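Quick notes on the structure that follows.
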Amino acid sequence: ESVVFGKINLANIYIQEKKWQNAEGQLNQAIKLTKYPARGAYQSLGVIYMAEKKQEEAVAAWQKELKLYPNAGETHLNLGIFYFKNNKLKKAKAAFEKTILSAPDNYAGYYGLAQVMEKENKLADAIKLYQKALSLNPQDSSSYYFLGSLYARLNKPQAIDAFGKAIELNPKFAE
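If you read the sequence shown in my numbering, its first letter stands for residue 181, the second for the next number, and so on.
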């Protein structure tokens, strides 16, 4: 078992170095060494495939992860992001909701669901979700920015404070 975790750890180092093929090789070896792959192995494999622009393989890897570990919040989150970027809002919404159920302290699930609600023009829901995301991660400039945008659309004075905080945390938002 220590060999398996050694390979997974090495794969994670390769991922950080963006050495995708090396990471993929280590993960595939780790997966073959056990009857039930370690939690996160297929999740990481999906990240590699996505970096290599192999979207179908990434989704398949993430789905394998969720069959083995249905409460893998990070995997639900990655699927949500993928579906959102591909304008599959219904699937994105379901994935972000599962992220929140699996990992209620992960602000990104609330942020992702807020993005879906905003696209669905459910602005009050989106505002609440951005606020929840910020309660979990008060340093998230994007949540402040999108919250400010919603307030501005609704002619609410809180827009100024939200935009100010977004710019304070990330000066690029000043543009």
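Here a beta-carbon is modelled for each residue, glycine too, at the ideal position from N, C-alpha and C. These numbers were taken from a predicted model, which means no experiment stands behind them.
Within 8 Å, strictly: CB atoms of residue i and residue j
i	j	result
residue 294	residue 306	yes
residue 325	residue 346	yes
residue 206	residue 254	no
residue 313	residue 323	yes
residue 300	residue 269	yes
residue 316	residue 287	yes
residue 310	residue 334	no
Residue i, buried or exposed, once every other Cβ within 10 Å from all chains shown has been counted against 16
i	result
residue 183	exposed
residue 266	exposed
residue 262	buried
residue 320	buried
residue 241	buried
residue 342	buried
residue 214	exposed
residue 278	buried
residue 355	exposed
residue 198	exposed
residue 204	buried
residue 236	exposed
residue 245	buried
Cβ-Cβ separation, residue j to residue i (assumed contact under 8 Å), whole Å
i	j	result
residue 210	residue 226	With a Cβ gap of about 14 Å, residue 210 and residue 226 do not count as contacting.
residue 260	residue 252	At roughly 12 Å, the Cβ-Cβ gap does not stay under 8 Å, so residue 260 and residue 252 are not in contact.
residue 264	residue 292	6 Å
Contact test: residue i Cβ vs the ligand COA heavy atom, cutoff 7 Å
i	result
residue 344	Among the components of this structure there are no ligands whatsoever, and the ligand COA is therefore not found.
Worksheet item: Can at least three beta-carbon pairs, one atom from the stretch 231-243 and one from the stretch 208-218, be found at a separation below 8 Å?
Response: In the pairwise beta carbon analysis, the stretch 231-243 is classified as not touching the stretch 208-218: fewer than three pairs are separated by under 8 Å.
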